[in-house]
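Chains A, B, C, D and E are the protein sequences, given in the same order.
If you count the first sequence from 1, you need to add 97 to reach the numbering used here.
If you count the second sequence from 1, you need to add 89 to reach the numbering used here.
If you count the third sequence from 1, you need to add 26 to reach the numbering used here.
If you count the fourth sequence from 1, you need to add 82 to reach the numbering used here.
If you count the fifth sequence from 1, you need to add 96 to reach the numbering used here.
We put the beta carbon where it would ideally sit given N, CA and C, even for glycine.
A short write-up of the structure that comes next.
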Amino acid sequence: MFEPKIMCFLCKWCTYAGADLAGTSRLEFSPNGINLRVMCSSRIDPQHILHAFKEGADGVFIGGCHPGDCHYVEGNYKTLRRVTLFKTMMEQLGLDPKRLRLEWISAAEGKKYVETMNEFTETIRNLGPLNLEEKTLTEEGVCHE
Amino acid sequence: MRVHYYPGCTLKEKATNLEDSTREAMARLDTDLVEPEGWTCCGAEYPLITEKIHGLIPPVRILRQVEIEEGSKVVTTCAFCFAVLKRANKAMLDNPTLHTRVNEYLADDILIDPTTKEKRTHFESYNGDVQVLHLLEYLRDEVGLGHLKSLVKRDLSHIKVAPYYGCRLLRPQKEVAIDDPETPTIFEDFLNAIGCTVVDFPFKQECCGSYLSASMPETSNEPSYRVLNSAKMNGANVVALSCPLCYYNMDTRQDRIKEEYLEFNGFPVLYFTQLLAWALGADVETLGLDKHLCDPRPLFDIKQNAEDVEVNL
Amino acid sequence: MGKPKFAIYWAASCGGCEIAFLDIREKILDVDRAVDLVFCPCLMDTKYEDVEKMADGEIDVCLFNGAIRNEENLHIAQLLRRKSKVLVAYGSCASEGCIPGLGNLTDDEGICRYSFEESPSTVNPEKVHPQKSTSIEAGELTLPGMFKYVRTLEQVVDIDYKMPGCPPVAAQIWAVIQTILSGDLPPKGSVIGVSPKTVCEECDRSKDEKRIKEFLRPHEIGEVDPDICLLEQGLVCNGPGTQAGCGALCPQVNMGCRGCYGPAEGIKDLGGKLAGAIASVIEADDPEEIQRISDQIVDPVGTFYRFSLPGSILGRKI
Amino acid sequence: MKDDGKKKRIGVFVCHCGVNIAGVVDVEKVAELLKDYPGVEFSTDYVYMCSEPGQQLVLDKIKEDKLDSVIIAACSPTLHEKTFQSAAELAGLNPHQVEIANIREQDSWVHPDRDKATVKAVKIVKSMVEKAIQNEDLEPIKVGVFKKALVIGGGVTGLQAAMDIADQGYEVIVVEKEPSVGGKMIQLSETFPTLDCSQCILTPKMVEVTRHPKIKLMTYSEVESISGFVGNFKVRIKKKPRFVDEDKCKLCNECADVCPQIVPDEYNMGLSFRKAIYMPFPQAVPGTYTLDMESCLGTLPIRCGKCKDVCDAQAIDYDMKEEIIEEEVGAVVVATGYDLYDMKALGEYGGENYEDVLNGLEFERILSASGPTGGKVQRPSDGKVPKNVVFIQCAGSRDPENHNSYCSKICCMYTAKHAMLYKHRVHDGNAIVFYIDVRTGGKNFDEFYQRATDDESILYLRGKVSKIFKEGNKMIVWGVDTLTGQKVEVEADMVVLAMAMTKADGVPELMKKLKISIDGNGWLAEAHPKLRPVESLNQGFYLAGAALGPKDIPEAVAQASAAAAKVGALFAKDELMHAPTIVPVIEELCSGCGICVSMCPYGARTLNAVRKVIEVNEVLCEGCGACAAACPAGAAQQLNQSDSQIFSMVKAILRG
Amino acid sequence: MRVKLKIGENEKKFINRVNELTGDNVYRCYQCGRCSASCPMAQEMDLLPNQIIRKVQMGQEEDIIGSKTLTLCASCFACQGRCPKGIDIAAVCEAIRHLLEPKGKDFWGPDDVQPELAKELPQQVLVAVYKKFAK
C-alpha cells in the first residue's frame, strides 16, 4: 500500500499543543505526517510548501489556531489569505489543491487533530504519489523521433 | 412621468375612493399610472411558512409582468398589497430555494399578448429586480416632498391629522418596513409637506384588528376604537391611513364600535390620497367623500376654490 | 598576449539580448577595441564547425542567452561550455527560463498540438507536424528534436555567472563588460549586472504599509497616481521580490514590475514568494471575501512566474 | 551563523522515558543512526534524561566533547525545554542551542508500530539537528523601564488604580476628560447592597488622589496619542482650556451668579441647569470653575465678559489655549468606563419624548440628596410625587435582535435598590418591577433583593414591557405577567428604565490609536479571558473596570487593584527581558517595499522612507514570523527559524 | 394539575416540524413575554403567544389544538418586531395551523362568514381570512 509522506507545519500555540494532547490522550493515528513546529502558522509561505513537495512530500498540512484565537492576534488570517491564493496557483501548476490542507485545530482538540491526520492521509493515499523526482534529459526523451 | 401601479382588487370595488383620489392626485403630479397587463389578486396575505409556496405565485407573476413591460418599479397604495408584493420580491432576491421553485412553476405560464394575440411560453426567471414602492415612498423619493410642497394649492392647516400606519407598512422591519417601526416619520413628513397639522399619537403603529373583522367581527372593535380614541384624545380631528382594511375596521364599522363604546360618537377617517388630491386642488367630487360612514366633509371647506386661495408656504 | 576572446550565442530566445548588447551604442567600439569577438551568429557568420575546431577553453568569455528548448540548444550549450573559460547565463531566458519557459505550463506535445492544429489562425486538416527528419530528393533534412520542457542553462551545464533581465539593460551590460575586462572577476555563481536589493529600491514611488481591498488590472484603473506605490493602488507589481538592476523601468510608466530580473538574492522561488507576500496584504478576514479578492489576480502563475518558471522550485506544470 | 565555516559539534541525547518512549521506539537504534549524521559529534540514549543524572550527563558531555549544540529527543518541548536550557547554561552553552525533538507525545504515544515509530523518531531528531546546525547564540533583549504610569479615566476604577500604583512608590498621571474626576459613581445616590452613600465613600478618595505626592491629576484632558513600547511610552495629552486658573479660583461662585447663559446640567443628567461657567458639583476635584466655551455667549466678537468682571481673584483668562503636554511613562492603565445605552434607540418606550420615563442614572440623581430635587422623589414633568412607579429591567439588554445581546449585569441590583429607595421616600407609593430574570449573584445580593420584596412589598412581575405611552398625565405601560399568563396594563406616574450599559463614547476610536482590540460590542478585549483578565495583548497596557464589560463597583475596584499590581510587577524590574527569537531586517536585502509593516500586529516594523529600509523595534517584536513569510525579498529572517533552517528541516524530514 | 413531561419521538417530530416550517428554532425563545405584552389580541386569547411557544418547546401539541389563539392572530407582527430574538410568532401560529389541518382541525370555512358582512367586507379581507384560517 502506498504510504504517503506528509509534511506538517504546526503553530506552536494551538495545533502543536493539540498534537501533544493527542499524545497524552494516547490516541493512535497514522504516522505519515511529521510535524515542524513554527511559532505561528503565518510563518509559512508558499516557498516552504513548494519546497516540501519538491523534496518528496505527497501532501502538506498547515495547522493554526481558530479564527479569533490566534496568539498573535490575526496570524491565522494571513495564512488563510496565502493559502487561498496559492491553491489557485497549485491548480495551474498541476498540483491537486487537495494536497494542501489548512485546518484550525485548538490546543483542546486532540481528537480533531487525530481525525484530521487520518483523514488527510487517506485523501493523499487516494490521490497517489506525487513523484516529483527530477527527470534527466535522457529519461525524458525527445518529442519527434 | 410614467410608472407602474398595482391597485389590487379592493380598490376597484370597495375602496374606489382610494383609487379615485390616487389617480386624481397622480394626474395632478403629471404621473401616468400604468397597470400591469392582466394583473390578478396578489393573495392579500404573504405565506409565513416555507411550504406554502403557492402564495408566492400571484405576486411574483405580477412583478414579472411589470418586468416584461420594462418597468423597473411598481407603486401601490393598498398596504396589504404592498406588504405581499414587497415580501415576495425580497424572497426572490434573498431565498435561492424559493427563487428556484417559484421560477420553475412560472416557467409553464402561457401569456397571450392582448394586442397582437401572440402566444408567449418562454419566460426568463424573475430575480427580484423590480422595486416595490408604497406611494408614500414614491412621493418622498421620486417626486420629492419639497417639490410636492411647492405644488400645494389649498390650505390644509386646519386639518389636524393623526397619521395611522397600521401594521403592514412597518412590519416585519427587515422585509417590509418603509421606515423605523417604532418611530416612523415618513407619513408625518408627507402630511407636513401638504400643509396639514400633524398630530402625534401612540397608536399609530398598533393593529386595528385586521381581518379578524371577518372571522370574529367583535374582536376588532376594541383595537379600532383605541386607535380612533387615542387620535381624538391627542387633538386630531381626522385619522389618515392607506389601507382599505384599516379603513373598513375604523370607518365602515364605526356604528358597531358605537354600540360597544357608548361614549364614542364617531370620528372621521380619510385615505392619505384624499388629502393629497385635495391639497393639490382636486374637485371635491373626485374624492369620494360621500362614501364614508363618518362624514368627513365638514373638515373640508368645500367652497374653498383652489384657484382663489393664496397659500402661504 | 592577444585580445581576450568573446562569444555571444542565442539559444531559445527572442534576440532581444543581442539587441541590448548593441544598445551600449558607441561603446561597442570600445568593446571591439578590447576584445576579439569570435562567435556571434547575430553579427557574424561563424559556423558551428569553427567553434568545434577551437581548443577547449579558448574562448575567454561566452555570453549565452536563451533557454534550452531543443537538442541544438543543448548541443551548443555543452560545446560552448567546453570551449569557454567563463560561461555567463546572459539574460532572463538563460538564467530563469523567461517567456519561453511559460511553455512549461504544458509540454512539447501540447505546444505542437496548439501551434500546428488548434490555434485560431491554423488550417491543418491533415494534422501535419514538423518532423525531425524528412527525406527529399536532395537528401535528408533534419530538425533538432524538441525537449518535453524548457530548461535554464544552469540546469544543463555548469555556469559561472548569471546575468538576468529581459533584456539586461545596456548600462548593466557595459558595467559587466568593464568588470570582465578588468579581470577582477566576482566569485563563481554570482549574479552579475544587478544590485543586491529589489526593484523597490530603484522605484521612486512613495511606499507605505499595504492593505489591499481590490486588485485591478491596468486597463481597469482609471488614473494611476504617478507618485504612489502601484501595489497600494491595487496593481499587481512584482517589484518587491524582483532583483534590482533595471532601474525600475516598468513602474516608471505606470506598469507593475513584471519580474524579469528574477528572484532577489534572499529568496528561492520568486512566484511562490510573491504570491505569499501579495496575498498577505489582502485586507479581509472572511474566507469568501479573501477568495473574491484573490480571484481578481487573473492567472497568478503567469503573473508571478512570468520570467522564472523553469528556474523555480517546481520548474513546470506537474 | 556562529561557526565561521567551522563545523558545528552537536550532541544527541535520546531519552527512554522509562518505557514511555523505549517501549515503542528503538531508542538505541535512533542514537546509533544519528552518530553518523553530518554535524553530530556525539549520540547516546539514556533512561530518564530529565532526571538529575540525565541532566548531568548532558552537562558533562557538553564540556567533555566541546559540544556547541544539543538535541534532547524526549517529550514535548512544552514540558522540559526550560529544564534542559538551564542545564546547558550551567555548562556554558547558550540556551538557544538546545533543541527538543518530541518523540513521545508526537511519536511513541500515538504510533504503536515499533518500526514506523522508530523511523519517524529518526526523522524528527534529524530535523532538529538540521535546525541546530544553523542555530545562533542569542541573548535576551533587555530594555529599560520608565517607572511612571498613565491612568486613562478618572472614575472610581482609574482613581483606585492610580492610588494603588502610587502607594507602591511609583509616579502616576491620571487623565480625565471631564472637568472633575469621579466618573459615573459620583452621580449615584446610594450603592447596593449596603446602601451607603456613594459620594460619602468616593469623595474622600478623590481628595486623597489630589493630595498624593506621586499622583499628577490632569482633568479636562484627553490622551491624543501614545507611541513607543512597554516600559517606554511617549504620551501626548491634550489639555483643554478651562479659561479659569485652578490655583487662583477661590470658589466664590460670583462668576456663575452673573453668567447669563443657562444650559442643561450634565451632572444631573439634564434634569437641572447650570451656567456656562460652572463647577460640575460642589465636591468636584479639582475644586475649580470651568468655562464651557461651547455654551458661553462668546468672547468674540462682542465679549460678554460678565464673569471676568466680577472675579476678584482674576482667575478668568479668556485667552487660555489648548495645550499639548508630552509625558514619558512605562505602563498604561485603561479605565475608560461605560455609558448608558441611548434612550433614543428604544422607540417603543417613547425614545426621549416622555419626561417621566427616566433612565437609571437620571433616577439616581432624583434620589440623590445633591440632586435637582434635593433627594425628594418628584417627577420631572410637573414636580408631583409619583404614586405609581414602574421599573423596567433589561431595557436595551439581552436583546440581540434590536439592541445589545449581553446582560448588563448590574441592573437587577440597582433596580431593587431604586425601588427600595423610592419606597423609603414615598411610603404610600407602589413600586412595580418588570423583569425577565432576577440575577443576584454576589455577596449579600440576594438578601438585598429579598429585602426589597419582603420588607418593602415591591411587586415583581415577570415579563418584558412592550410599550410605554402617555395618556393624559399618566404613562401607560403595556406589560405581561408570564407567571399568570395575563397581559398587564399599568397606569404609572413615572417609569424608570434599567438602561443597558454600553461602551463609552469615543472609546473605539481611542483604542484604535492605542492598538488595543475591542470586541463586537465595543468592550475592551482582555489578553486572555481567564488567565490574563486585566491585561491587553498590547504589552504594557492594562485594562480595568467597566470598559471591559458591565460590572459593579467592587468588581471594578478589584480590577483596578489587579491592574495596579501588574504595573507594580512590571516596575519592580529595572530591565525587561524579551525573547530574542525576533525577526530583524537584513538591511542589505531590504528595499523598503512596506509589505511587512501591516503584517505586524504589534507595530514593531516601521518604514524608513528616506533610507528605504524597514526598521524593527526588537522590543515590540513577538517573533510570530508573519513578516518573514511575507517579505518578498527574504530580508526578514526569523532568528533561529530562518527560511534556510526550515528548508533544511523539511528536507531532513522528507528525505532523512 | 400535574403534567407528566414527555419529550419523545412524537413530540420531537412536532417541534422539528414547527422549526422546519418557520425556518427558526423555538428554543431560541427565552420566555420574556414581550410578544404577549405587544399582542393587540392577547386579551381575547386563552394561551398567550409566549405560552404557545412554551407549549411547542415542551412538545405539548394537544394543548395547542383547541386554543383560540391560533385564530386570533392577525399577523400584525407586533410580537416579531419587538421580540428580542426576532422570532416570528405569527409564523409559528401559521405553522401549527398547517400541521393541524390534516388532523381535521377546522378553523374557518367560507360558509362561516356572516351574510350581512359578506356584502360590505373589502375583498382583501375575505381573501386574507380564507388564506389564514380556511382548510
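Check: Which word fits M83 of chain D, buried or exposed, when buried means at least 16 other C-beta atoms lie within 10 angstroms of its C-beta?
Finding: Translated into the one-based positions of the fourth sequence, residue 83 of chain D becomes position 1. Any answer about M83 of chain D is weak, because its pLDDT of 39 lies below 50 and its placement is not dependable; what the coordinates show is given next. Exposed, by the Cβ-count rule.
Note to self: Between D397 of chain B and chain E, is any beta-carbon pair separated by less than 9 Å?
What the structure shows: Your numbering for residue 397 of chain B matches position 308 in the second sequence. Low per-residue confidence applies at D397 of chain B: pLDDT is 48, beneath 50, and the placement is therefore not dependable, though the value from the model is reported in the following sentence. Not an interface residue.
Next item on the list: For Y371 of chain D, name the three-state secondary structure that DSSP assigns.
Entry: Within the fourth sequence, numbered from 1, the residue matching residue 371 of chain D stands at position 289. The answer is coil: DSSP assigns Y371 of chain D none of H, G, I, E or B.
Margin query: Quick check: is the beta carbon of A187 of chain E nearer than 9 Å to any beta carbon in chain D?
Written below: Here residue 187 of chain E corresponds to residue number 91 of the fifth sequence, with the count starting at 1. No, no contact with chain D.
Next item on the list: For G236 of chain D, collect the residues of the same chain with a Cβ closer than 6 Å to its Cβ; drop the 5 residues on either side in sequence, then sort them by chain order.
Entry: Residue numbering aside, residue 236 of chain D sits at position 154 when the fourth sequence is read from its first letter. Excluding sequence neighbours, G236 of chain D sits near V256, E258 and V263.
Notebook entry, point to check: What does S168 of chain D reach in chain C if we use C-beta pairs closer than 9 Å?
Noted result: The residue you call residue 168 of chain D lines up with position 86 of the fourth sequence. Those do not exist, as S168 of chain D stays about 35 Å from chain C at its closest Cβ, beyond 9 Å.
Margin query: In the DSSP assignment, the beta strand (DSSP E) including Y290 of chain B goes from what residue to what residue?
Written below: The residue labelled residue 290 of chain B in the question sits at position 201 within the second sequence. Sequence check: residue 290 of chain B is Phe here, not Tyr. From DSSP, F290 of chain B is part of no beta strand (DSSP E); its letter is neither H nor E.
Check: If the cut is a Cβ gap below 7 Å, which residues of chain B does A170 of chain E touch?
Finding: Position 74 of the fifth sequence, counted from the first residue, corresponds to residue 170 of chain E. Ordered by position in chain B, the residues that pass the 7 Å Cβ test against A170 of chain E are C296, G298, S299, Y300 and L301.
Check: Can you list, in chain order, the residues of the segment 139-155 of chain A whose Cβ is nearer than 8 Å to any Cβ on chain D?
Finding: S139, R140, I141, D142, Q144, H145, H148, A149, E152, G153 and A154
Notebook entry, point to check: Are the beta-carbon atoms belonging to M497 of chain D and Q532 of chain D less than 9 Å from one another?
Noted result: Within the fourth sequence, residue 497 of chain D is the residue found at index 415, counting from 1. Within the fourth sequence, residue 532 of chain D is the residue found at index 450, counting from 1. It is Thr, not Met, that sits at residue 497 of chain D in the sequence shown. Taking 9 Å as the Cβ cut-off, T497 of chain D and Q532 of chain D do not qualify as a contacting pair.
Check: Which same chain residues, not among the five before or five after L144 of chain E, have their C-beta less than 7 Å away from its C-beta?
Finding: As a position in the fifth sequence, residue 144 of chain E is number 48, starting the count at 1. Same-chain partners within the cutoff: S132 and A138.
Check: Roughly how many angstroms separate the alpha carbons of C88 of chain C and C283 of chain C, rounded to a whole number?
Finding: Taking the first residue of the third sequence as position 1, residue 88 of chain C is located at position 62. Taking the first residue of the third sequence as position 1, residue 283 of chain C is located at position 257. Taking the straight line from one Cα to the other gives about 29 Å.
Item checked: Distance between beta carbons of A60 of chain C and L207 of chain C, contact taken as under 8 Å -> As a first step, residue 207 of chain C is located in the third sequence; it is residue number 181 there, counting from the start. As a first step, residue 60 of chain C is located in the third sequence; it is residue number 34 there, counting from the start. Their Cβ separation, rounded to whole angstroms, is 5 Å, which keeps L207 of chain C and A60 of chain C in contact under 8 Å.
Notebook entry, point to check: What whole-angstrom Cβ distance do I175 of chain D and N722 of chain D have, given they're in contact under 8 Å?
Noted result: Taking the fourth sequence and counting its residues from 1, the one referred to as residue 175 of chain D is at position 93. Taking the fourth sequence and counting its residues from 1, the one referred to as residue 722 of chain D is at position 640. As written in the sequence, residue 175 of chain D is Leu, which differs from the Ile given in the question. Rounded, the Cβ-Cβ distance is 14 Å, inconsistent with contact.
Next item on the list: Rounded to whole angstroms, what's the CA-CA distance from V149 of chain C to D251 of chain C? Just pull it up for me.
Entry: Translated into the one-based positions of the third sequence, residue 149 of chain C becomes position 123. Translated into the one-based positions of the third sequence, residue 251 of chain C becomes position 225. C-alpha separation (whole angstroms): 46 Å.
Margin query: Quick check: A203 of chain D and V305 of chain D, are their CB atoms within less than 9 Å of each other?
Written below: Stepping through the fourth sequence from its first residue, residue 203 of chain D is reached at position 121. Stepping through the fourth sequence from its first residue, residue 305 of chain D is reached at position 223. Taking 9 Å as the Cβ cut-off, A203 of chain D and V305 of chain D do not qualify as a contacting pair.
Next item on the list: Identify every residue that forms a DSSP beta bridge with C135 of chain E.
Entry: Along the fifth sequence, read from residue 1 onward, the residue named residue 135 of chain E stands at position 39. Its beta-bridge partners do not exist; DSSP assigns none.
Next item on the list: Anything in chain E within Cβ reach of D424 of chain D, meaning under 8 Å, just list it in chain order.
Entry: The sequence position of residue 424 of chain D within the fourth sequence is 342, counting from 1. Those within 8 Å of D424 of chain D in chain E number zero; the least Cβ separation is about 17 Å.
Margin query: I'd like to know if I558 of chain D contacts chain B, where contact means its C-beta is closer than 9 Å to some C-beta of that chain.
Written below: Along the fourth sequence, one-based indexing puts residue 558 of chain D at 476. Yes - at least one Cβ of chain B is within 9 Å of the one on I558 of chain D.
Notebook entry, point to check: Looking at C-beta atoms only, is the number of pairs between the segment 607-619 of chain D and the segment 509-518 of chain D that lie closer than 8 Å three or more?
Noted result: no
Check: Is the Cβ-Cβ distance between A712 of chain D and S673 of chain D less than 9 Å?
Finding: For the purposes of this step, residue 712 of chain D is identified with residue 630 of the fourth sequence, where counting begins at 1. For the purposes of this step, residue 673 of chain D is identified with residue 591 of the fourth sequence, where counting begins at 1. Contact flag unset, no.
Margin query: What ranges does the beta strand (DSSP E) occupy inside the segment 216-273 of chain C, keeping only unbroken runs of at least 3 residues that lie completely in it?
Written below: 221-224
Checklist line | Cutoff 9 Å: L137 of chain B Cβ touching any chain E Cβ | finding: For the purposes of this step, residue 137 of chain B is identified with residue 48 of the second sequence, where counting begins at 1. Yes, contact with chain E.
Next item on the list: Inspect the CB distances between the segment 340-352 of chain B and the segment 271-282 of chain B and report whether three or more fall short of 8 Å.
Entry: no
Next item on the list: Following the continuous alpha helix (DSSP H) through S168 of chain D, name the residue where it begins and the one where it ends.
Entry: Within the fourth sequence, numbered from 1, the residue matching residue 168 of chain D stands at position 86. Element bounds for S168 of chain D: P159 to L172.
Check: N184 of chain D CB to nearest chain A CB: under 9 Å?
Finding: As a position in the fourth sequence, residue 184 of chain D is number 102, starting the count at 1. Output row for N184 of chain D: interface = yes.
Check: Where L402 of chain B and A114 of chain B are concerned, what is the direct C-alpha to C-alpha distance, given to the nearest angstrom?
Finding: Looking up residue 402 of chain B in the second sequence gives position 313. Looking up residue 114 of chain B in the second sequence gives position 25. Its pLDDT being 43, under 50, L402 of chain B is placed unreliably by the model, and the measurement read from it follows with that caveat. So the alpha carbons of these two residues sit roughly 20 Å apart.
Next item on the list: Quick one: give me the first and last residue of the alpha helix (DSSP H) that L182 of chain A is part of.
Entry: Counting from one through the first sequence, the residue named residue 182 of chain A turns up at place 85. Per DSSP, L182 of chain A belongs to the alpha helix (DSSP H) from G172 to Q189.
Notebook entry, point to check: What are the complete beta strand (DSSP E) segments, minimum 3 residues, inside the segment 186-253 of chain D?
Noted result: 223-226 and 230-234
Next item on the list: Taking only beta-carbon positions, decide if L144 of chain E is within less than 9 Å of chain B.
Entry: For this step, residue 144 of chain E is matched to residue 48 along the fifth sequence. Closer than 9 Å: no.
Next item on the list: State the start and end residues of the unbroken beta strand (DSSP E) segment that holds P252 of chain B.
Entry: Reading the second sequence from its first residue, position 163 is the one you call residue 252 of chain B. K249 to P252 is the span of the beta strand (DSSP E), which, as asked, contains P252 of chain B.
Check: Taking a cut of 9 Å between CB atoms, which residues from the segment 117-136 of chain E lie near chain D?
Finding: Y126, Q127, C128, G129, R130, C131, S132, A133, S134 and C135
Notebook entry, point to check: DSSP on E213 of chain B, reduced to helix/strand/coil?
Noted result: Position 124 of the second sequence, counted from the first residue, corresponds to residue 213 of chain B. If DSSP states are grouped into helix, strand and coil, E213 of chain B belongs with coil.
Checklist line | Proximity below 9 Å, CB of L106 of chain C to CB of A33 of chain C | finding: By one-based count along the third sequence, residue 106 of chain C stands at place 80. By one-based count along the third sequence, residue 33 of chain C stands at place 7. Yes, they are a contact pair.
Check: Quick check: the segment 434-452 of chain D against the segment 535-545 of chain D, are there 3 or more CB pairs under 8 Å?
Finding: no
Item checked: Other residues of its chain near A644 of chain D: CB distance less than 6 Å, five sequence neighbours each side excluded -> In the fourth sequence, the residue the question calls residue 644 of chain D occupies position 562. Around A644 of chain D: V616.
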